[in-house]
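Remarks on the structure that follows.
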Amino acid sequence: MSAPPKLAPAEAYELITRDLHEVLGAEPLRALLDKQERPVRAYWGTAPTGRPHVGYLVPLAKIADFLTAGVEVKVLLADVHAFLDNLKAPIELVRHRVVYYRMLLTTVLQSIGVPVERLTFVVGSSFQLSAAYNMDAYRLAASTTEHDAKKAGAEVVKQVSSPLLSGLLYPGLQALDEQYLDVDFQFGGVDQRKIFTFAEAVLPKLGYAKRSHLMNPMVPGLKGSKMSSSDAGSKIDFLDEPSAIRKKIKDAACVEGVVEDNGVLAFTKAVLLPLARLRFESGASGAAGVHASAPPGTLFSIMRDDKFGGPAHYKEYSALEADFASKALHPGDLKKGVADAICQLLEPVQREFEQNEEFRKAEADAYPKEPEPVKKKKEKKSELPARPKAGTSRAQVRGRHGPRARRLRRGGTDGGRCARRGRRAVGRRGGRGAEAVRIQKDAPAIA
Numbered sequence: 001m002s003a004p005p006k007l008a009p010a011e012a013y014e015l016i017t018r019d020l021h022e023v024l025g026a027e028p029l030r031a032l033l034d035k036q037e038r039p040v041r042a043y044w045g046t047a048p049t050g051r052p053h054v055g056y057l058v059p060l061a062k063i064a065d066f067l068t069a070g071v072e073v074k075v076l077l078a079d080v081h082a083f084l085d086n087l088k089a090p091i092e093l094v095r096h097r098v099v100y101y102r103m104l105l106t107t108v109l110q111s112i113g114v115p116v117e118r119l120t121f122v123v124g125s126s127f128q129l130s131a132a133y134n135m136d137a138y139r140l141a142a143s144t145t146e147h148d149a150k151k152a153g154a155e156v157v158k159q160v161s162s163p164l165l166s167g168l169l170y171p172g173l174q175a176l177d178e179q180y181l182d183v184d185f186q187f188g189g190v191d192q193r194k195i196f197t198f199a200e201a202v203l204p205k206l207g208y209a210k211r212s213h214l215m216n217p218m219v220p221g222l223k224g225s226k227m228s229s230s231d232a233g234s235k236i237d238f239l240d241e242p243s244a245i246r247k248k249i250k251d252a253a254c255v256e257g258v259v260e261d262n263g264v265l266a267f268t269k270a271v272l273l274p275l276a277r278l279r280f281e282s283g284a285s286g287a288a289g290v291h292a293s294a295p296p297g298t299l300f301s302i303m304r305d306d307k308f309g310g311p312a313h314y315k316e317y318s319a320l321e322a323d324f325a326s327k328a329l330h331p332g333d334l335k336k337g338v339a340d341a342i343c344q345l346l347e348p349v350q351r352e353f354e355q356n357e358e359f360r361k362a363e364a365d366a367y368p369k370e371p372e373p374v375k376k377k378k379e380k381k382s383e384l385p386a387r388p389k390a391g392t393s394r395a396q397v398r399g400r401h402g403p404r405a406r407r408l409r410r411g412g413t414d415g416g417r418c419a420r421r422g423r424r425a426v427g428r429r430g431g432r433g434a435e436a437v438r439i440q441k442d443a444p445a446i447a
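Structure (structure tokens):
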């Protein structure tokens, strides 16, 4: 995709903010665009913890709009934040994941035709370990209550009864990133809203400018909840094979006629249609999910037999949603169309991965395979004596459960010793001697 033409301020603002859930600080952003003194600068941060999945295409599709509008975008690979996130991974492993994230996200952006000339990756530890940054972190801590820090991170930091101190530091550090990355606005999901409002409150206390904040809507996962790296069933990995992708889409929650919490519909709205629109607006062809026979302006195609209604081509999401809500579009047909589009979308990414040895090594280092658990041999249960009944004498207990009785139960070669003991016992106590004689007679069979 070629570099986009320079847009008028109003057009740039419209492109930057379209399809967003909320904009905090719209007027300062408009004023900056109107001045046209320099490009607007923005950042989006991601902590390299779990494996990136196709849910990342939601912010990346919006970042494509920013770049097309002439915004300079910084992608923060927040390794320090990843380390602070409840110690999900040691810092050495996080460094490997930074490398993999950078390679994967670059490949994905290039594959969807995003102009990456104005996009840069910044590793958090490249500035977050500096003396100046840490002094500002101390200054911020001195003016922030525990209540405010905990409230700010309520949506993104795991809430427990006894939280780690790292979770309380998280919101403040994210606020400082806006200053040290020298940006005009921060972009994230609506789940970041409390951190964004916290940043707007605390940065002026340190003498720094308040930034604007742009928020994407949250997209449900395939099971209807938030798409998560830790839930393999709710997300599709960028490297999943087509058969795995089709199975996950087939198993996804998609009730006929129900639009709410429908992950398949939501992914179509947030990813497939915006990316197709981006290619259409740039004059490029071959958008994922658009059939070659589709009329101009089509953003998504459903290919089905004539007996089920024939092919359907959509130029806007509202028409697709209306057909699904009225049951004119069956979940099975929607799922097939979405699965085909995702496979087409990921094909160039997976091809680059297979052809690039450095890419494959980065993935192996970032997510090493866990060794297979060693199967433990089952231990034999010890033969514990049964509890004696009330009234049983000690002599009777010794006779039933003593060493000699255990040897006999195990079939040991104890006949000779028992016989000798039996002969010595004869004459001393008739009862015990008679018992020993019986044992002696049975000894050869036991041996």
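For the sequence shown, UniProt numbering gives the first residue as 1, with consecutive numbering after it.
Every residue gets a Cβ at the ideal spot worked out from N, C-alpha and C, and that includes glycine.
Only a predicted model underlies this, so the values are computations on that prediction, with no experimental measurement involved.
Would you check if the distance between the CB atom of residue i and the CB atom of residue j is smaller than 8 Å?
i	j	result
L24	F196	yes
D79	S125	yes
L77	Y43	no
V108	F238	yes
A284	G113	yes
L33	A12	yes
A288	F280	no
S143	V202	yes
residue 496	V99	Residue 496 cannot be examined here, being either before or after the span of the chain that is shown, 1 to 447.
L206	R304	no
T68	P115	yes
L29	S212	yes
V374	I236	no
A89	T49	yes
K369	G257	no
Using alpha carbons as the reference points, say which of the options lies closest to residue i.
i	options	result
K315	S326, V75 and L272	L272
Y317	H330, G332 and F300	F300
L105	P371, L346, E372 and A364	L346
V58	P217, Q174 and G332	P217
I249	G337, H21, R95 and A364	G337
A209	V190, D184, D191 and P368	D184
H291	K269, E281 and A341	A341
F359	G55, H96 and K62	H96
K335	K376, V157 and V255	V255
A339	I302, K361 and P371	I302
T298	A276, G310, D306 and S282	A276
residue 448	Y56, R51 and Q192	The chain is shown only over 1 to 447; residue 448 falls outside these bounds and no answer can be derived.
Q36	K6, L15, Q192 and V54	K6
E178	E372, K378, E200 and R351	E200
L265	L329, S293, D306 and P311	L329
R51	A26, T17 and L93	L93
Near residue i, which residues of its chain fall below 7 Å by C-beta distance, leaving aside the five closest residues on each side in sequence?
i	result
F127	Y133 and Y180
P295	H313
Q194	Checking the sequence, you will find Lys at residue 194 rather than Gln. K151, A152, A154 and E155.
A47	A78, H81, A82 and D85
R429	The predicted model places R429 with a pLDDT of 48, which falls under 50 and marks its position as unreliable; any figure quoted below should be read in that light. None.
L20	L214, M215 and N216
F66	I16, A42 and V73
G431	A caution first: G431 carries a pLDDT of 49, below 50, which makes its placement in the model too unreliable to give a value.
D191	E155, V156 and M218
Closer than 8 Å by C-beta to residue i: which residues in its own chain qualify, once you throw out the five before and the five after it? Chain order, please.
i	result
P39	G70, V71, E72 and R118
A137	L169, G172, L173 and L176
D240	K248 and L346
G310	R304
P163	K150 and V157
Here's a check: name, in chain order, each residue in its chain whose Cβ is nearer than 6 Å to the Cβ of residue i, leaving out the five neighbours to either side.
i	result
C343	P242 and I245
F187	A42, W44 and L214
L320	Y314
K74	Y43, T120, V122 and L181
S111	P348 and V349
E22	M215
M103	F359 and A362
G189	N216 and M218
R18	none
So, under 8 Å CB-CB, residue i and residue j are touching, yes? Tell me the CB distance rounded to an integer number of Å.
i	j	result
L278	A82	With 8 Å as the limit, L278 and A82 do not qualify as a contact, their Cβ atoms being about 29 Å apart.
F324	V259	7 Å
A61	P274	4 Å
Worksheet entry | Entirely enclosed alpha helix (DSSP H) segments - the region 302–327, minimum 4 residues | Within the region 302–327, complete alpha helix (DSSP H) segments of at least 4 residues are found at 317–325, given in chain order.
Item to complete: Scan the region 78–140 and note each continuous beta strand (DSSP E) run of 3 residues or more that stays entirely inside, going in chain order.
Response: You should have 119–123.
Worksheet item: Which parts of the region 168–220 are runs of the beta strand (DSSP E), unbroken and 3 residues or longer, counting only runs that do not cross its ends?
Response: Here the runs fully enclosed are 185–189 and 212–216.
Discussion item. To test your reading of the DSSP string, which unbroken alpha helix (DSSP H) runs of 4 or more residues are found completely within the region 233–307?
Written reply: Restricting attention to alpha helix (DSSP H) runs no shorter than 4 residues, the region 233–307 encloses them at 242–250, 263–267 and 273–282, ordered along the chain.
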